[in-house]
Amino acid sequence: MTYTTVQYSLDVIKDEVRNLLHKGMISRQQPIYTLCQYIPAREWACIEYELEAFNFLLRDRIGDLVGREKWDND
Numbered sequence: 001m002t003y004t005t006v007q008y009s010l011d012v013i014k015d016e017v018r019n020l021l022h023k024g025m026i027s028r029q030q031p032i033y034t035l036c037q038y039i040p041a042r043e044w045a046c047i048e049y050e051l052e053a054f055n056f057l058l059r060d061r062i063g064d065l066v067g068r069e070k071w072d073n074d
């Protein structure tokens, strides 16, 4: 059996979070640790490590992670 490891960069994580926000599955006010519900447990450690490398805490808000949203129709 071969296992593949998925590399998560901060940009990939942010894209996934924006996708969940767009679908209405999470809100910007929730803590980052809410994301663990949507990420396989075996991959969560990699996500957590990458977030910590950029000084994000799991108790920080999702909005802090993705920053301000840009609207094309403004």
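As numbered in my numbering, residues 1 to 74 make up the sequence shown, in order.
Ideal placement from N, C-alpha and C gives every residue a C-beta, glycine not left out.
Going by Cα to Cα distance, which pick from the options is closest to residue i?
i: residue 58; options: 40, 36, 42, 15; result: 36
i: residue 32; options: 42, 47, 43, 22; result: 47
Quick check: the Cα distance between residue i and residue j, rounded to an integer number of angstroms?
i: residue 55; j: residue 63; result: 15 Å
i: residue 8; j: residue 26; result: 20 Å
i: residue 30; j: residue 60; result: 8 Å
i: residue 50; j: residue 10; result: 7 Å
i: residue 44; j: residue 68; result: 24 Å
i: residue 38; j: residue 53; result: 21 Å
i: residue 23; j: residue 42; result: 24 Å
i: residue 66; j: residue 18; result: 7 Å
i: residue 34; j: residue 12; result: 17 Å
i: residue 15; j: residue 28; result: 14 Å
Which residue comes first and which comes last in the alpha helix (DSSP H) that contains residue i?
i: residue 14; result: 10 to 22
i: residue 33; result: It is not in any alpha helix (DSSP H) - residue 33 carries neither H nor E in the DSSP assignment.
i: residue 63; result: 62 to 66
i: residue 51; result: 41 to 53
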